[in-house]
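Here the protein sequences come in this chain order: U and L. Quick note: to get this note's numbering, add 214 to the position in the first sequence (first position is 1). Quick note: to get this note's numbering, add 202 to the position in the second sequence (first position is 1). Beta carbons are placed, not taken as given, at the ideal position from N, Cα and C, and that holds for glycine.
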Amino acid sequence: MDVRSQISMVFHLDKCIGCHTCSIACKNIWSDRKGAEYMWWNNVETKPGTGYPGKWEDQLIYKGGWEKQGDDIGLKGAGKRKGLTNIFHNPNLPVIDDYYEPFTYKYLDLIESPAGDDQPTARPVSLITGEPMDIKMGPSWDDDLSGSPDYARNDPNLASLSPEEQAAMFQLERMAFFYLPRICNHCLNPACVASCPSGAIYKRGEDGVVLINQDVCRGWRMCVTACPYKKTYYNWQTGKSEKCILCYPRIEAGYAPACMHSCVGRIRYLGVVLYDADKLHDVACAEEDQLVDSQLDMLLDPTDPEVIAAAKANGMADSTIKAAQGSPVYRFVKEFGMALPLHPEFRTLPMLFYVPPLLPVMASLGKKQNEDQELNTIAKRWDDQWLYDTSTEDLWGTIDESRFPLEYLASLFSAGDTEKVKIRVKKLMAVRIYRRHKTVGDISKERAEEALAEVGLTAPLADDIYYLTSLAKFDDRFVIPPAHREEAIEMLENTGDRKGNLGFGFKEGTARRGL
Amino acid sequence: MTYLDTLLFVALPYVAIVVFLVGTIGRYTTAGFSITSLSAQFLEGRSGFWGTVPFHIGILILFLGHLFIFLFPDLALLWNSNPVRLIIHEGIAFTFGLVVLVAIVGLLIRRWTHPRLRMVTSPMDIAIELMLLFQVVLGCWVALGYRWGSSWFAADLSPYLWSILSLSPETDAIAAMPWVIKLHVVGAFIIVLIFPFTRLVHFLVAPLHYLWRPYQVVMWYWDRKKIRRADTAWQSTRPHNN
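And the structure:
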């Protein structure tokens, strides 16, 4: 057992309101520069939708991620052979128009235009060429556009749905959507690292953050192809690739990353998980229907004495083990069993987990069959004809006959296995039923406990889920281990050498001053 | 031997080599960030394929061909001793010369006409591209007009270049060459001279080590096992973990 620690994340999609505050916080700090204007290390997509860059999930287009090659896996569009033969021209590289051409407006024209009969206008200009341009695409261009022909209906995840199901999904009355915030997944089997011919991309051993060494990157741009999530970006100005750094300077100082810190809906959780690096290769090569389970199996129980002993033998600091024991990520992913990785079939073993959204799934909408039909007492009445039903009378009826096909969520989060999504959505529902019993009181204790038992939860566990979902404070959501930089410095230079050399009144070592 | 010959074929090569060595090493160590392929494919899309791929492959073959004859003139002469093999050798070289000529003209045109590419083009990019064009035109001219270059290069110019490297320059052979060939040689030295200041430096960081590297790269900033031992704290030699 080779125990390593990984900074991991959970995004609770039921709480995401799609406000893009995370994206703005990130952009203001990291990517508001020439050549990086088009980059959104953190972006929020409307699902169903094509996302950013357009149709990024369709690996027939972008050739990202790993694929099974016999018993082993190989990079789909990069790797040693493909990467080096395509080094002069990479046929699988997205171009800037797949994201959007960055633009601004000539605001100064509003002020400096000479007086005239017409209102001055601020024309859009390209941030690449400076020339006037027609804006065809921009950040979050498909925001909230569920059902739209150009965006929602071109979602690659719809491929798993029959045409009838798709048509039903986009009926105006049933239309639903949710938001999918995305950052770098800081994968355990990162395709970007494997694809980099220069070896500039690496995973930090201590916390698993994946970084690009800007001094070593030579702009061979294979990582852009290889990352199936399209979360490495090519800076066209510097000729280097860049990606989300998980705000590592903040993490090392004990702060939450900017996107997480600023999250209005408090959907984001960050903590340490311990995993068994010996299993990495086998898990990445698992059969598709085993991928999710084996990835979750690789995460170790940080309270298990054997795991703790192995972690200590690996030199892991006590503070890191303690952080892992209080990790909200471990709770959501393993204890509660409520979170899933995004597109596990890409086989990069992403370390960002999502709690699937319940709301678009839960409510059902039916037409009144006849005038005498009674609404049940806790259902909501929309108008004379349509019933917007959030009833919990028949416990799981609304999930089994959801207006939002579970196949769609399964295509996103469980490589197509609807059962894995269903149990997690049911857990969300069960906690709601339980809380309704507690707070409203119109559901009996028996029914509430029946609901919990059916999904394998208990009342105390449901209380924990409720607390961590709804009440969790900053320190509950972000459990960041100390980086112990003081020890790192000790390793780099002998503090004994410096003793007596530097200090009060001196700006350089005494030896150099010849004293 | 005139003063001009001394200037061009003794002084220039030494200046070029010194500037090349100091410049590239200096740039690599102090401004490593600036060493990149500066690929414009991201702005340009698929259309660049027909320019960059023939250019890169062609110029690599031409460079390696020149390098080979310079390093192993006897082998080149041996190969050329058979007329059929000589024709094949010269034919291949000339074909790639033409390929690079066409590709480089295409690349220059696209650099001028593509509005996005103009934004990422520096004066040095144009300078080195024109320099390469100049070299390729002269090279094709030499290949056509002064046959057979692969043989007399091995016989006459390779010894001259070796004499430069061995610090006992002998310029008789080069001084007797026609001016077209002289220009080609001077052009080569000028490219070596300005090389460290151009985007061509990415040639020196060609990622061949990728071939024998494991796919995944994990870096540890420090070795926590060592850090926990009190007896390493005051040692003079320390483990390097990064």
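Supposed close pair residue i, residue j - CB separation, criterion 8 angstroms
{"i": "Asn427 (chain U)", "j": "Ala414 (chain U)", "result": "5 angstroms"}
{"i": "Ile310 (chain U)", "j": "Trp450 (chain U)", "result": "7 angstroms"}
{"i": "Val217 (chain U)", "j": "Phe567 (chain U)", "result": "That belief does not hold up - the Cβ atoms of Val217 (chain U) and Phe567 (chain U) are roughly 20 angstroms apart, past 8 angstroms."}
{"i": "Glu331 (chain L)", "j": "Leu300 (chain L)", "result": "With 8 angstroms as the limit, Glu331 (chain L) and Leu300 (chain L) do not qualify as a contact, their Cβ atoms being about 17 angstroms apart."}
{"i": "Lys282 (chain U)", "j": "Asn306 (chain U)", "result": "In fact, because the Cβ distance is near 19 angstroms, the residues do not count as touching under 8 angstroms."}
Neighbour list for residue i in chain A, Cβ cutoff strictly below 8 angstroms
{"i": "Val407 (chain L)", "result": "Judged by its chain identifiers, the structure shown contains no chain A, and its protein chains are U and L."}
Test item: CB-CB of residue i and residue j under 8 angstroms
{"i": "Glu379 (chain U)", "j": "Pro316 (chain U)", "result": "no"}
{"i": "Asp228 (chain U)", "j": "Leu573 (chain U)", "result": "yes"}
{"i": "Gly232 (chain U)", "j": "Asp369 (chain U)", "result": "no"}
{"i": "Gly291 (chain U)", "j": "Ala382 (chain U)", "result": "no"}
{"i": "Pro516 (chain U)", "j": "Ala538 (chain U)", "result": "yes"}
{"i": "Pro361 (chain L)", "j": "Ala377 (chain L)", "result": "no"}
{"i": "Ser455 (chain U)", "j": "Cys431 (chain U)", "result": "yes"}
{"i": "Leu402 (chain L)", "j": "Ala218 (chain L)", "result": "no"}
{"i": "Ile481 (chain U)", "j": "His234 (chain U)", "result": "no"}
{"i": "Thr562 (chain U)", "j": "Cys461 (chain U)", "result": "no"}
{"i": "Lys261 (chain U)", "j": "Leu386 (chain U)", "result": "no"}
{"i": "Phe296 (chain L)", "j": "Cys342 (chain L)", "result": "yes"}
{"i": "Val407 (chain L)", "j": "Lys417 (chain U)", "result": "no"}
{"i": "Ala498 (chain U)", "j": "Ile287 (chain U)", "result": "yes"}
{"i": "Ala356 (chain L)", "j": "Ala242 (chain L)", "result": "no"}
{"i": "Val322 (chain L)", "j": "Leu245 (chain L)", "result": "yes"}
{"i": "Pro267 (chain U)", "j": "Pro308 (chain U)", "result": "yes"}
Proximity winner among the options, relative to residue i (alpha-carbon distances)
{"i": "Ser222 (chain U)", "options": "U:Asp677, U:Glu520, U:Gly422", "result": "U:Gly422"}
{"i": "Tyr447 (chain U)", "options": "U:His475, U:Ala366, U:Pro377, U:Trp254", "result": "U:Trp254"}
{"i": "Val382 (chain L)", "options": "L:Val339, L:Leu206, L:Trp414", "result": "L:Val339"}
{"i": "Trp422 (chain L)", "options": "U:Pro542, U:Asp311, U:Ala537, U:Gly419", "result": "U:Gly419"}
{"i": "Ala329 (chain L)", "options": "L:Trp343, L:Leu410, L:Ser241, L:Ile392", "result": "L:Ile392"}
{"i": "Asn403 (chain U)", "options": "U:Asp631, U:Asp496, U:Lys248", "result": "U:Asp496"}
{"i": "Pro571 (chain U)", "options": "U:Ile522, U:Gly284, U:Leu563, U:Val635", "result": "U:Val635"}
{"i": "Ala686 (chain U)", "options": "U:Asp364, U:Ser219, U:Ser541, U:Asp286", "result": "U:Ser541"}
{"i": "Glu559 (chain U)", "options": "U:Lys241, U:Gly551, U:Ala500", "result": "U:Ala500"}
{"i": "Asp492 (chain U)", "options": "U:Cys473, U:Lys261, U:Leu513, U:Thr632", "result": "U:Leu513"}
{"i": "Ser360 (chain U)", "options": "U:Tyr680, U:Arg388, U:Pro338, U:Ile694", "result": "U:Arg388"}
{"i": "Gly234 (chain L)", "options": "L:Leu310, L:Ile311, L:Val307, L:Pro398", "result": "L:Pro398"}
{"i": "Gly471 (chain U)", "options": "U:Arg699, U:Ile287, U:Ile694", "result": "Checking the displayed sequence, the identity of residue 471 (chain U) turns out to be Pro instead of Gly. Nearest C-alpha to Pro471 (chain U): U:Ile694."}
{"i": "Arg248 (chain L)", "options": "U:Asn304, U:Trp244, U:Leu386, U:Ser616", "result": "U:Asn304"}
{"i": "Leu385 (chain L)", "options": "L:Glu372, L:Thr400, L:Val344", "result": "L:Val344"}
{"i": "Tyr321 (chain U)", "options": "U:Ala527, U:Pro346, U:Pro308", "result": "U:Pro346"}
{"i": "Gly308 (chain L)", "options": "L:Leu410, L:Phe222, L:Pro275, L:Trp252", "result": "L:Trp252"}
{"i": "Ile535 (chain U)", "options": "U:Leu307, U:Asp507, U:Tyr489, U:Pro619", "result": "U:Tyr489"}
{"i": "Glu259 (chain U)", "options": "U:Gly352, U:Leu675, U:Gly344", "result": "U:Gly352"}
{"i": "Arg229 (chain L)", "options": "U:His475, U:Gly265, U:Asp429", "result": "U:Asp429"}
Alpha-carbon spacing of residue i relative to residue j, whole angstroms
{"i": "Tyr417 (chain L)", "j": "Trp280 (chain U)", "result": "12 angstroms"}
{"i": "Ile637 (chain U)", "j": "His316 (chain L)", "result": "54 angstroms"}
{"i": "Leu335 (chain L)", "j": "Ala213 (chain L)", "result": "24 angstroms"}
{"i": "Asp207 (chain L)", "j": "Ser365 (chain L)", "result": "15 angstroms"}
{"i": "Ile325 (chain U)", "j": "Asp332 (chain U)", "result": "13 angstroms"}
{"i": "Gly485 (chain U)", "j": "Leu413 (chain L)", "result": "36 angstroms"}
{"i": "Ile592 (chain U)", "j": "Tyr648 (chain U)", "result": "For Ile592 (chain U), the predicted structure reports a pLDDT of 45, less than 50, and the residue's modelled location is therefore unreliable. A value from the coordinates is still provided. Roughly 15 angstroms separates the two Cα atoms."}
{"i": "Cys236 (chain U)", "j": "Arg396 (chain U)", "result": "10 angstroms"}
{"i": "Ser353 (chain L)", "j": "Leu369 (chain L)", "result": "24 angstroms"}
{"i": "Ile342 (chain U)", "j": "Tyr313 (chain U)", "result": "14 angstroms"}
{"i": "Phe257 (chain L)", "j": "Leu556 (chain U)", "result": "41 angstroms"}
{"i": "Leu666 (chain U)", "j": "Asp689 (chain U)", "result": "28 angstroms"}
{"i": "Lys659 (chain U)", "j": "Ser533 (chain U)", "result": "41 angstroms"}
{"i": "Cys437 (chain U)", "j": "Asp357 (chain U)", "result": "27 angstroms"}
{"i": "Asp677 (chain U)", "j": "Met215 (chain U)", "result": "33 angstroms"}
{"i": "Ser340 (chain U)", "j": "Thr318 (chain U)", "result": "7 angstroms"}
{"i": "Thr238 (chain L)", "j": "Gly453 (chain U)", "result": "6 angstroms"}
Neighbourhood of residue i by C-beta, 7 angstroms cutoff - its chain only, sequence neighbours within 5 removed
{"i": "Lys669 (chain U)", "result": "According to the sequence as given, residue 669 (chain U) is Val; it is not Lys. Result list for Val669 (chain U): Ile637, Lys640, Lys641, Ala644, in chain order."}
{"i": "Leu510 (chain U)", "result": "Val547, Lys548"}
{"i": "Asp272 (chain U)", "result": "Pro370"}
{"i": "Ile306 (chain L)", "result": "Phe257, Glu331, Leu334, Leu335, Val338"}
{"i": "Val224 (chain L)", "result": "none"}
Contact set for residue i: own chain, Cβ-Cβ below 6 angstroms, skip 5 residues either direction
{"i": "Glu466 (chain U)", "result": "Ala697"}
{"i": "Gly351 (chain L)", "result": "Val344, Ala345"}
Same chain only: Cβ atoms within 8 angstroms of residue i, ignoring 5 sequence neighbours per side
{"i": "Pro411 (chain U)", "result": "Gly297, Leu298, Ile301, Arg432, Trp434, Met436"}
{"i": "Glu621 (chain U)", "result": "Ser374, Leu375, Glu379, Gly630, Thr632"}
{"i": "Phe384 (chain U)", "result": "Ser360, Gly361, Ala366, Arg367"}
{"i": "Pro363 (chain U)", "result": "none"}
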